[in-house]
Structures are given as C-alpha cells and as structure tokens.
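I have placed the structure first, in the form of structure tokens, so that the comments after it can refer back to it.
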Amino acid sequence: MTDDIDIEKIYNHWINTSEKDFVTMINLYKTKDFNWSLFIGQIVLERLLKASVVRQTLNHAPYTHDLTKLAKLSGLSFSEEQLDLLDTISTFNMNARYDSYKLMLRRMSRRDKIFIEKMKQFTTK
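Each residue of the sequence shown is one higher than the last, beginning at 8 in this note's numbering.
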C-alpha cells in the first residue's frame, strides 16, 4: 500500500461518479440516444470496476478502459459469459469517440438495446 494515497477517498470518488453517470446513461436511453447511452454505460462499469480494483489492491486503478482487464484485477468473480460481455462493452468507449466507429455502434445499439439492461445487472451486484 502506498502511504500517501487515501484509498477510501479514491474508492468513494469512483463510486460517486459512477452513480451520477448511471443516471445520465438511463436518461440518454430514455431519449433514445442509444450510442451515447452505451458510451456512458461503459464508463459506469469502468468506474465501478476501478473502485473494486482500488479496494482489492490498495492502490490506484490502472489507466485503462479495458473492462475485462479491470474485472480480473478487481477480486470479484465473473462468469465467462460476463467477461465476454465486458469485452464487448469495452468497445463502446472507442466506438462513441471516433467517427469511424460511430456507425458500427449505432447499428449495434439499434439492433441490441438489451445492452443497457445487461449493464444495469452489473451495477446491482
């Protein structure tokens, strides 16, 4: 453990910001702004996993958007199906940011709006 960092403060930061972003994700979903809802949903899960990593390692979480990597560092148990889903959700971060990926995300969000429901399941653990 690094003496100069406040683990509880860092943990609470990740939890509090994820809660605010969860509300944003739901509001975007309700307005049918699916690609941005998925983008924010990825951030929600990233922040929750980073909170778990901080608690598990007693150190800062790594700078990454890779949810599968964070899940493995978190000390939490995930099924292979859940890890596969996290791997897919990780792509939402890049897909919403870069024009070349936005069309692909739009198609995915139209075809499979169930991702939001699946993301909600992770937040209720």
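For each residue, glycine too, the CB sits at the ideal point set by N, CA and C.
Within 8 Å, strictly: CB atoms of residue i and residue j
i	j	result
Leu80	Thr64	yes
Met126	Leu35	no
His72	Ser97	yes
Val61	Ile14	yes
Counted within 10 angstroms of its Cβ, other Cβ atoms place residue i as buried (16 or more) or exposed
i	result
His67	exposed
Ile12	exposed
Thr38	exposed
Asn42	buried
Asn19	exposed
Asn100	buried
Cutoff 6 Å; reference residue i; Cβ partners in own chain excluding five residues on either side
i	result
Asp28	Ile47, Ile50 and Val51
Contacting residues, own chain, Cβ-Cβ under 7 Å from residue i (five flanking each side not counted)
i	result
Lys57	Trp21, Ala68 and Leu77
Contact set for residue i: own chain, Cβ-Cβ below 8 Å, skip 5 residues either direction
i	result
Asp94	Leu74 and Thr75
Thr31	Ile47
Cβ-Cβ separation, residue j to residue i (assumed contact under 8 Å), whole Å
i	j	result
Arg54	Ser25	4 Å
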